[in-house]
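Counting from 1, one number per residue, gives the positions in the sequence shown under full-length UniProt numbering.
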Amino acid sequence: MSRLLRWDGSEMDMLTETFIRSMRLLFSTWTKHAAVLVGGTLIVKGSKHAPKVSKWLILGSVASYGWRVFASHAGGHRYFAHMSFKTTKLFELLLAMTVQVSASNENIVYWINFHEFHHQACETEDDIHTPWRMGFWAVQLQDSSANLVTTQEGLERLFRTDLLQFRYLNDLVWLRNRQLEIKACEHLFWLLCGKDVFFWGCLVPNVLHFHAIRLTNSAAHLWGYRPYVAQFQSECKATNNWWVAIFNGGEGWHNNHHAFMGSAKHGFMWWEFDWVYFGLLILGKLGVVWDIKVPTQEVLEARYKGSSKRDLGIKRLYRLECESAESKRKLTAQPAAWLL
Numbered sequence: 001m002s003r004l005l006r007w008d009g010s011e012m013d014m015l016t017e018t019f020i021r022s023m024r025l026l027f028s029t030w031t032k033h034a035a036v037l038v039g040g041t042l043i044v045k046g047s048k049h050a051p052k053v054s055k056w057l058i059l060g061s062v063a064s065y066g067w068r069v070f071a072s073h074a075g076g077h078r079y080f081a082h083m084s085f086k087t088t089k090l091f092e093l094l095l096a097m098t099v100q101v102s103a104s105n106e107n108i109v110y111w112i113n114f115h116e117f118h119h120q121a122c123e124t125e126d127d128i129h130t131p132w133r134m135g136f137w138a139v140q141l142q143d144s145s146a147n148l149v150t151t152q153e154g155l156e157r158l159f160r161t162d163l164l165q166f167r168y169l170n171d172l173v174w175l176r177n178r179q180l181e182i183k184a185c186e187h188l189f190w191l192l193c194g195k196d197v198f199f200w201g202c203l204v205p206n207v208l209h210f211h212a213i214r215l216t217n218s219a220a221h222l223w224g225y226r227p228y229v230a231q232f233q234s235e236c237k238a239t240n241n242w243w244v245a246i247f248n249g250g251e252g253w254h255n256n257h258h259a260f261m262g263s264a265k266h267g268f269m270w271w272e273f274d275w276v277y278f279g280l281l282i283l284g285k286l287g288v289v290w291d292i293k294v295p296t297q298e299v300l301e302a303r304y305k306g307s308s309k310r311d312l313g314i315k316r317l318y319r320l321e322c323e324s325a326e327s328k329r330k331l332t333a334q335p336a337a338w339l340l
């Protein structure tokens with residue numbers, strides 16, 4: 001087992017390392033999976049110790065899940081990894097903290113520093129989550145991305161990257177170093193609301209979010225259609241998968257994303273509903289986000305692989321969608337003064 005490292009590259013003392021590993025286990029994805037499995041079994045058996053089931057608890061669970069998906073994909077993915085829109089410092093911090101407590105354990109540093117490497121090395125031996133090399137279940141159950149920044153190689157790559165801009169450094173180092181404390185505060189909050197709220201508001205959404213976020217790299221690289229040539233790697237097998245998009249906030253339109261990774265919008269056709277992008281448009285109206293990036297007509301057509309009459313018709317639909325998104329972007333060009 002490799003030793004945990006501090007941000008300066010030095011090794012932790014054994015007591016500190018043991019404590020951190022214990023806390024990571026306590027807050028780990030698999031602990032939550034076990035808790036949900038036990039709670040679900042008690043519910044099915046009708047045990048008096050089982051978490052209560054009500055429409056309000058289930059609605060709250062859906063809302064908690066929806067926010068986690070939005071924060072991970074609008075925040076971690078489209079903002080921190082690809083800078084596809086701009087936002088205020090307050091909302092940036094809110095997104096970052098939500099990502100830090102997510103069950104996926106993919107912290108902000110992962111999104112900023114390592115995610116683009118997936119685009120560059122997609123489906124190659126260097127890709128850290130390709131189902132074509134590793135298999136579906138290995139990617140779907142993978143929980144190692146957070147460890148990338150605890151190794152010496154990860155730390156060295158982090159600090160020499162151009163992606164880690166100076167304006168992020170202090171805040172992100174603080175968030176990363178305080179990840180366990182932030183997770184502890186989140187769990188304490190839910191526990192103070194009662195065991196039923198803790199189960200439905202924290203545990204269940206965390207487990208669902210863990211699997212939803214991984215479907216993008218597993219199912220959406222195996223099943224679906226591929227209208228575009230990807231950036232960086234033309235061999236990339238990312239697909240547009242409708243059922244992944246439903247659960248994952250529009251991230252299932254993954255071929256679109258690999259072709260236009262800087263776009264805040266992943267769904268271009270009318271049937272490619274992207275509810276994370278829809279949420280960004282609403283926030284744009286409120287002045288919380290602005291300068292939302294979408295691809296131009298010329299860029300869309302340049303990367304489209306089709307050439308038949310039917311394909312040309314699809315091109316026109318893509319163009320209309322793009323023009324509509326571009327006009328909406330112009331309406332969100334300035335932030336709200338009260339949020340600056």
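Built from N, CA and C at the ideal position, the CB exists for glycine as well. In this text, all values refer to a predicted model and were calculated from it rather than measured experimentally.
Which residues DSSP lists as bridging residue i, in chain order
i	result
V289	T87
Y225	N240
Y304	Y228
Three-way DSSP call (helix, strand, coil) for residue i in this model
i	result
N256	helix
N240	strand
S64	helix
W271	coil
L141	coil
I282	helix
S72	helix
C122	coil
M97	helix
H211	helix
D127	coil
Q297	helix
M261	coil
V276	helix
Own chain partners of residue i with C-beta closer than 7 Å, once the 5 adjacent residues on each side are dropped
i	result
V69	H209, A212, N248 and G249
L141	none
L280	A74, F85, A264, V289 and I292
I43	A50, P51 and V53
Reference residue i, options the options, closest by Cα
i	options	result
G135	H254, A219, L203 and A81	A219
residue 344	Q233, S234 and Y228	Not covered by the structure: residue 344. The range shown for the chain is 1 to 340.
W242	R226, F198 and Q231	R226
V53	V204, H129, A138 and K305	V204
W111	P131, A121 and R78	R78
D291	T87, I58, G39 and A35	T87
L95	W67, A238 and E272	W67
L222	T130, E116, S47 and A35	T130
G60	H33, K48, V197 and K32	V197
T216	E272, E186, H33 and N255	N255
K32	F273, R303, G284 and V207	V207
A245	G194, L192 and G224	G224
S64	Y277, W253 and T98	T98
A50	A71, K195, A34 and S102	K195
V62	W271, S47, G76 and C202	C202
V294	L286, W137 and F278	F278
I128	R214, G46, G39 and V38	R214
G262	W270, M83 and A230	M83
Same chain, Cβ closer than 6 Å to residue i, neighbours up to 5 away in sequence not counted
i	result
S324	Its pLDDT being 43, under 50, S324 is placed unreliably in this model, and the value from its coordinates should be taken loosely. Here the set comprises nothing.
C122	Q233 and C236
E251	H73 and T216
residue 368	An answer regarding residue 368 cannot be provided, because it is not within the stretch 1 to 340 covered by the chain.
A302	none
L283	V289
F117	none
L37	none
G39	P51 and F199
G76	V99 and W111
Exposed unless 16 or more other CB atoms sit within 10 angstroms - verdict on residue i
i	result
E92	buried
K305	exposed
T41	exposed
K55	exposed
F189	exposed
H257	buried
W137	exposed
G46	exposed
V139	buried
E272	buried
V276	buried
Sequence-distant residues of its chain with Cβ nearer than 8 Å to residue i (five each side left out)
i	result
E125	R133
Q120	F232 and Q233
I58	W200
E186	V101 and C202
A35	F199 and L203
D274	A245, G249, G250, W253, K265, H266 and G267
C193	G201
A230	H119, C122, C236, A238, N255, H258 and A259
Cβ-heavy atom distance, residue i to the ligand NAD, below 7 Å
i	result
H118	Ligands are entirely absent from the displayed structure, and the ligand NAD is therefore not among its contents.
Below-8 Å beta-carbon distance, residue i vs any chain B residue
i	result
D291	Judged by its chain identifiers, the structure shown contains no chain B, having just a single protein chain.
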